[in-house]
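S.K.: Questions regarding the structure given below will be posed in turn.
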Amino acid sequence: MTGKREHFGGRTAAILALAGSAIGLGNIWRFPYMVGQTGGAAFIIIYLLACLFLSVPIFLAEAIIGHRTHAGTFGALEQLAPGTKWKWLGLLTVFSPLIILSYYSVVGGWSIGYLFQSLTEGFHASDIGTVSSAYAKFISSPGRPLLFHTVFLLGCAVIVSAGVKSGIEKFNKITMPLLFALIVLIMTYSLSLPGAKEGVAYLVKPDFSKITPSAVAAAMGQSFFSLSLGVGTILTYASYIRREENILATGLGTVGFDLLFALIAGFAIMPAVFAAGIEPGAGPGLIFETLPYIFAKMGAAVPWVSAVVAVLFFFTIVFAAFTSAISMYEVGVAYLVEQRKLSRHKATVLIFVGTWILGALCSLSFGPLAQTKLFGLSIFSFCDMLTSNFLMTFGGLLFVLFVGWKMDKAVVRDEFTVGGTSRFNCAVFDAFWFLLRYVAPVAIVVIFFTNFFA
Ligand code: TRP
Numbered sequence: 074m075t076g077k078r079e080h081f082g083g084r085t086a087a088i089l090a091l092a093g094s095a096i097g098l099g100n101i102w103r104f105p106y107m108v109g110q111t112g113g114a115a116f117i118i119i120y121l122l123a124c125l126f127l128s129v130p131i132f133l134a135e136a137i138i139g140h141r142t143h144a145g146t147f148g149a150l151e152q153l154a155p156g157t158k159w160k161w162l163g164l165l166t167v168f169s170p171l172i173i174l175s176y177y178s179v180v181g182g183w184s185i186g187y188l189f190q191s192l193t194e195g196f197h198a199s200d201i202g203t204v205s206s207a208y209a210k211f212i213s214s215p216g217r218p219l220l221f222h223t224v225f226l227l228g229c230a231v232i233v234s235a236g237v238k239s240g241i242e243k244f245n246k247i248t249m250p251l252l253f254a255l256i257v258l259i260m261t262y263s264l265s266l267p268g269a270k271e272g273v274a275y276l277v278k279p280d281f282s283k284i285t286p287s288a289v290a291a292a293m294g295q296s297f298f299s300l301s302l303g304v305g306t307i308l309t310y311a312s313y314i315r316r317e318e319n320i321l322a323t324g325l326g327t328v329g330f331d332l333l334f335a336l337i338a339g340f341a342i343m344p345a346v347f348a349a350g351i352e353p354g355a356g357p358g359l360i361f362e363t364l365p366y367i368f369a370k371m372g373a374a375v376p377w378v379s380a381v382v383a384v385l386f387f388f389t390i391v392f393a394a395f396t397s398a399i400s401m402y403e404v405g406v407a408y409l410v411e412q413r414k415l416s417r418h419k420a421t422v423l424i425f426v427g428t429w430i431l432g433a434l435c436s437l438s439f440g441p442l443a444q445t446k447l448f449g450l451s452i453f454s455f456c457d458m459l460t461s462n463f464l465m466t467f468g469g470l471l472f473v474l475f476v477g478w479k480m481d482k483a484v485v486r487d488e489f490t491v492g493g494t495s496r497f498n499c500a501v502f503d504a505f506w507f508l509l510r511y512v513a514p515v516a517i518v519v520i521f522f523t524n525f526f527a
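Written as structure tokens, this is what we have:
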């Protein structure tokens with residue numbers, strides 16, 4: 074409907090942008106850790122099934138809404154269900170990615186700080202306690218984290234304001250292949266370390282006794298998070314995909330890259346963790362405590378190699394975070410440009426101001442604002458909990474219900490089968506429809522309750 078709306082150049086560009094959104098800290102740390110804790114190869118099999126039978130249908134539900142309407146979240150739902158309450162889902166999914174962006178930018182900023190350190194002084198602590206206290210001191214100081222948060226958000230603003238094609242598409246086209254090359258390089262190095270075998274075993278040894286119902290729910294939750302579902306980013310990016318494109322193929326390509334990156338990241342990190350003789354654990358502490366310690370330890374043996382790997386690693390983390398953050402940023406910009414008729418430039422500035430303020434509060438909640446609590450949580454943890462445990466799953470559930478139960482089946486079929494031209498898509502449509510209407514809603518409710526009560 075909007076004639077001058079921008080589009081991604083082709084399928085590769087679309088897949089790289091979507092994979093850019095999906096591939097982030099979830100792949101680099103959360104996935105490898107979960108694999109090891111939850112049954113190794115057995116978990117990988119469950120995860121694959123969860124991606125294929127749950128996340129792909131949810132991904133496609135979001136993508137169908139965006140692709141059908143060629144509009145951002147709010148406009149898309151208004152177009153498909155005018156004058157109904159569904160517009161609130163549109164509005165919700167304008168705000169949830171911006172809340173994620175605010176605290177994501179704080180962590181992105183920390184990564185820039187560590188990249189900076191790897192380029193200047195490097196890492197030399199002789200024990201993990203020293204590394205941990207340096208990390209605690211860094212994040213609780215008001216100055217530098219705020220500065221790096223600003224730098225990170227500014228970087229996103231520059232890319233997003235350049236537009237869908239010459240900003241987002243171009244950035245992902247350069248960054249994503251580079252990130253793959255870097256993570257493969259780091260993996261090769263990591264696998265060559267003495268003691269790497271134990272890390273490999275941690276990832277591949279199948280232990281089916283660990284596949285409990287809660288492990289299955291964890292696999293579903295992880296695939297949901299890793300694919301950036303439920304907050305309208307997939308919808309918005311899909312709205313920039315050309316009419317004639319096959320969205321099932323695009324979706325499978327994205328999921329494939331996301332999975333591949335997670336697996337390579339696992340084989341890049343775990344062998345090094347085990348070679349350094351430390352126990353793997355979860356959370357941001359691993360990137361900012363465990364890794365610097367590993368680099369320091371390796372540096373004692375061959376300083377320059379360790380220094381180079383440290384730079385490459387933090388570079389990978391910073392840019393993986395950038396490609397995810399710009400997808401959240403774009404959701405808000407698309408809304409302001411399409412619904413509020415702002416120029417792209419003005420929209421970028423407005424979102425910068427809003428997310429900078431919320432991000433600054435999140436950042437300060439590790440230091441001066443540590444005593445300010447919302448429901449007993451710090452501002453940062455509250456934003457994280459609200460989005461990861463609540464808004465993402467709630468949004469995902471509503472998207473799935475919208476496509477499965479509200480939209481006209483003929484329209485959904487038309488989208489899914491590329492107007493009936495793809496024979497493969499026609500053959501699997503009924504399976505998709507069943508997964509979407511019955512399996513996905515139930516699974517999302519299960520994820521929601523495990524997130525909430527586990
Ligand atoms: N998928 C991202 C990762 O693996 C994290 C993420 C969750 C995300 N929800 C999102 C990114 C929404 C962009 C938009 O790290």
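Using the working numbering, the first residue of the sequence shown is number 74, and each one after it goes up by one. Beta carbons: idealized from backbone N, C-alpha and C, even for Gly. Remember, predicted model here, so these are calculated numbers, not experimental data.
So does the region 127-135 actually touch the region 383-402, counting three or more Cβ pairs closer than 8 Å?
M.R.: Not touching, per the Cβ criterion.
S.K.: Please report the straight-line C-alpha distance between Gly113 and Leu276, rounded to a whole angstrom.
M.R.: What you label residue 113 is simply residue 40 of the sequence shown in a count that begins at 1. What you label residue 276 is simply residue 203 of the sequence shown in a count that begins at 1. Distance between the alpha carbons of Gly113 and Leu276: 5 Å.
S.K.: Which parts of the region 354-405 are runs of the alpha helix (DSSP H), unbroken and 4 residues or longer, counting only runs that do not cross its ends?
M.R.: For the region 354-405, whole alpha helix (DSSP H) runs of length 4 or above, ordered along the chain, are 364-374.
S.K.: Give every residue whose Cβ lies closer than 7 Å to any heavy atom of ligand 1, listed in chain order.
M.R.: Any residue whose Cβ sits closer than 7 Å to a heavy atom of ligand 1 makes the list: Ser94, Ala95, Ile96, Gly97, Leu98, Gly99, Asn100, Pro170, Ile173, Phe298, Ser299, Leu300, Ser301, Val304, Thr306, Ser397, Ser400, Met401 and Met465.
S.K.: Mapping DSSP to helix, strand and coil, what is Leu415?
M.R.: Residue 415 sits at position 342 when you count from the first residue of the sequence shown. Of the three classes helix, strand and coil, the one that applies to Leu415 here is coil, per DSSP.
S.K.: What is the residue span of the alpha helix (DSSP H) that Pro155 lies within?
M.R.: Along the sequence shown, read from residue 1 onward, the residue named residue 155 stands at position 82. Run containing Pro155: none; DSSP gives neither H nor E here.
S.K.: Would Phe525 be called buried (16 or more neighbouring beta carbons within 10 Å of its own) or exposed?
M.R.: Taking the sequence shown and counting its residues from 1, one reaches residue 525 at position 452. That one is exposed.
S.K.: Kindly list the residues whose CB is nearer than 7 Å to the CB of Ala86, restricted to its own chain and excluding five residues on each side of it in sequence; keep chain order.
M.R.: For the purposes of this step, residue 86 is taken as residue 13 along the sequence shown, with counting starting at 1. For Ala86, where only same-chain residues beyond five positions count, the Cβ hits under 7 Å are Glu242 and Lys246.
S.K.: Classify Leu450 as helix, strand or coil using the three-state DSSP reduction.
M.R.: In the sequence shown, residue 450 corresponds to position 377, counting from 1. In the structure shown, Leu450 sits in a strand (DSSP, three-state: E or B).
S.K.: In chain order, what residues of the same chain have a beta carbon less than 6 Å from the beta carbon of Ser436, not counting five sequence neighbours either side?
M.R.: Counting from one through the sequence shown, the residue named residue 436 turns up at place 363. Taken in chain order, the residues that qualify are Val179, Pro218, Leu219 and His222.
S.K.: Return the first residue and the last residue of the alpha helix (DSSP H) that Met107 is part of.
M.R.: Residue 107 sits at position 34 when you count from the first residue of the sequence shown. Element bounds for Met107: Phe104 to Gln110.
S.K.: What runs of the beta strand (DSSP E), each 3 residues or longer, lie entirely inside the region 209-273?
M.R.: If we require 3 residues or more, the region 209-273 turns out to have no beta strand (DSSP E) run fully inside it.
S.K.: Is Thr75 helix, strand or coil when you go by DSSP?
M.R.: Your numbering for residue 75 matches position 2 in the sequence shown. Model confidence at Thr75 stands at a pLDDT of 44, short of 50, so the residue's coordinates are unreliable; what they give is reported in the following sentence. Three-state DSSP puts Thr75 in coil, outside helix and strand.
S.K.: Taking the CB atoms as reference points, tell me whether Leu122 and Phe387 lie closer together than 9 Å.
M.R.: As a working note, residue 122 is residue 49 in the sequence shown. As a working note, residue 387 is residue 314 in the sequence shown. Against a cut-off of 9 Å, the Cβ pair of Phe387 and Leu122 comes out as no contact.
S.K.: List the endpoints of the continuous alpha helix (DSSP H) containing Thr306.
M.R.: Along the sequence shown, read from residue 1 onward, the residue named residue 306 stands at position 233. Start and end: Thr306 to Ala311.
S.K.: Using 10 angstroms around the beta-carbon of Asp200, count the other beta-carbons present and answer buried if the total reaches 16, otherwise exposed.
M.R.: By one-based count along the sequence shown, residue 200 stands at place 127. With fewer than 16 other Cβ atoms within 10 Å, it is exposed.
S.K.: What residue does the alpha helix (DSSP H) around Asn524 start on, and which one ends it?
M.R.: If you number the sequence shown from 1, residue 524 lands on position 451. Here the alpha helix (DSSP H) through Asn524 covers Ala513 to Phe526.
S.K.: Taking all protein chains shown into account, do 16 or more other C-beta atoms lie within 10 angstroms of the C-beta of Glu411, making it buried, or fewer, making it exposed?
M.R.: Numbered from 1 along the sequence shown, position 338 holds the residue referred to as residue 411. Answer is buried; the Cβ neighbour count reaches 16.
S.K.: Got a sec? Which residues, its chain only, sit under 7 Å from Ile360 by beta carbon, not counting five neighbours each side?
M.R.: Here residue 360 corresponds to residue number 287 of the sequence shown, with the count starting at 1. Within the same chain, Ile360 has close Cβ partners Trp102 and Ile390.
S.K.: Check the C-beta distance from Ile520 over to Met293 and give it rounded, since I have them as a contact under 8 Å.
M.R.: If you number the sequence shown from 1, residue 520 lands on position 447. If you number the sequence shown from 1, residue 293 lands on position 220. Confirmed, about 5 Å.
S.K.: Quick one: Cα of Thr460 to Cα of Ala374, how far?
M.R.: Residue numbering aside, residue 460 sits at position 387 when the sequence shown is read from its first letter. Residue numbering aside, residue 374 sits at position 301 when the sequence shown is read from its first letter. Whole-angstrom Cα-Cα distance: 43 Å.
S.K.: From Leu364 to Val346, what does the alpha carbon distance come to, in whole angstroms?
M.R.: Stepping through the sequence shown from its first residue, residue 364 is reached at position 291. Stepping through the sequence shown from its first residue, residue 346 is reached at position 273. One C-alpha to the other measures close to 8 Å.
S.K.: Gln295: buried (16+ other C-beta within 10 angstroms of its C-beta) or exposed?
M.R.: Here residue 295 refers to the residue found at position 222 when the sequence shown is read from its first residue. With 16 or more other Cβ atoms within 10 Å, it is buried.
S.K.: Under DSSP, the alpha helix (DSSP H) around Pro286 begins and ends at which residues?
M.R.: Here residue 286 refers to the residue found at position 213 when the sequence shown is read from its first residue. Its alpha helix (DSSP H) spans residues Pro286 to Ser299.
S.K.: Please list, in chain order, all residues of the same chain as Ala504 whose beta carbon is under 7 Å from its beta carbon, the five residues on each side excluded.
M.R.: Position 431 of the sequence shown, counting from 1, holds the residue named residue 504. Within the same chain, Ala504 has no close Cβ partners at all.
S.K.: Relative to the C-alpha of Gly272, which residue among Trp183, Gly350 and Ala198 is closest?
M.R.: For the purposes of this step, residue 272 is taken as residue 199 along the sequence shown, with counting starting at 1. The shortest C-alpha separation from Gly272 is found at Gly350.
S.K.: Hey, could you find the ends of the alpha helix (DSSP H) Met343 is sitting in?
M.R.: The residue given as residue 343 occupies position 270 in the sequence shown. Per DSSP, Met343 belongs to the alpha helix (DSSP H) from Ile320 to Ala348.
S.K.: Can you round the beta-carbon distance between Thr306 and Pro170 to whole angstroms, since I take them to be within the 8 Å contact cut?
M.R.: Residue mapping note: residue 306 aligns to position 233 of the sequence shown, counting from 1. Residue mapping note: residue 170 aligns to position 97 of the sequence shown, counting from 1. Contact holds; Cβ gap of about 6 Å.
S.K.: From Val282 to Gly268, what does the alpha carbon distance come to, in whole angstroms?
M.R.: Your numbering for residue 282 matches position 209 in the sequence shown. Your numbering for residue 268 matches position 195 in the sequence shown. It should be pointed out that residue 282 corresponds to Ser in this sequence rather than to Val. Roughly 26 Å between the two C-alpha positions.
S.K.: What does the alpha-carbon distance come out to for the pair Leu174 and Phe463?
M.R.: Here the question's residue 174 lines up with position 101 in the sequence shown. Here the question's residue 463 lines up with position 390 in the sequence shown. Each residue's Cα considered, the two are about 16 Å apart.
S.K.: What span of residues does the alpha helix (DSSP H) with Asp487 cover, start to end?
M.R.: Position 414 of the sequence shown, counted from the first residue, corresponds to residue 487. Taken as a continuous stretch (DSSP letters only), the alpha helix (DSSP H) holding Asp487 covers Lys482 to Phe489.
S.K.: Candidates Asp487, Gly477 and Cys499: which alpha carbon is nearest Ala545's?
M.R.: Here the chain covers residues 74 to 527 and nothing more, so residue 545 does not appear.
S.K.: Does Ile119 pass the burial test, meaning 16 or more other C-beta atoms within 10 Å, or should it be called exposed?
M.R.: In the sequence shown, the residue the question calls residue 119 occupies position 46. When all chains shown are included, Ile119 counts as buried.
S.K.: Between Phe211 and chain B, is any beta-carbon pair separated by less than 9 Å?
M.R.: Of the protein chains in this structure there is only one, and it is not chain B.
S.K.: Roughly how many angstroms separate the alpha carbons of Ile320 and Leu125, rounded to a whole number?
M.R.: As a working note, residue 320 is residue 247 in the sequence shown. As a working note, residue 125 is residue 52 in the sequence shown. If you take the alpha carbons of Ile320 and Leu125, they lie about 15 Å apart.
S.K.: Got a sec, what are the start and stop residues for the alpha helix (DSSP H) Leu122 sits in?
M.R.: Here residue 122 corresponds to residue number 49 of the sequence shown, with the count starting at 1. That run of the alpha helix (DSSP H) goes Ala114 to Ala123.
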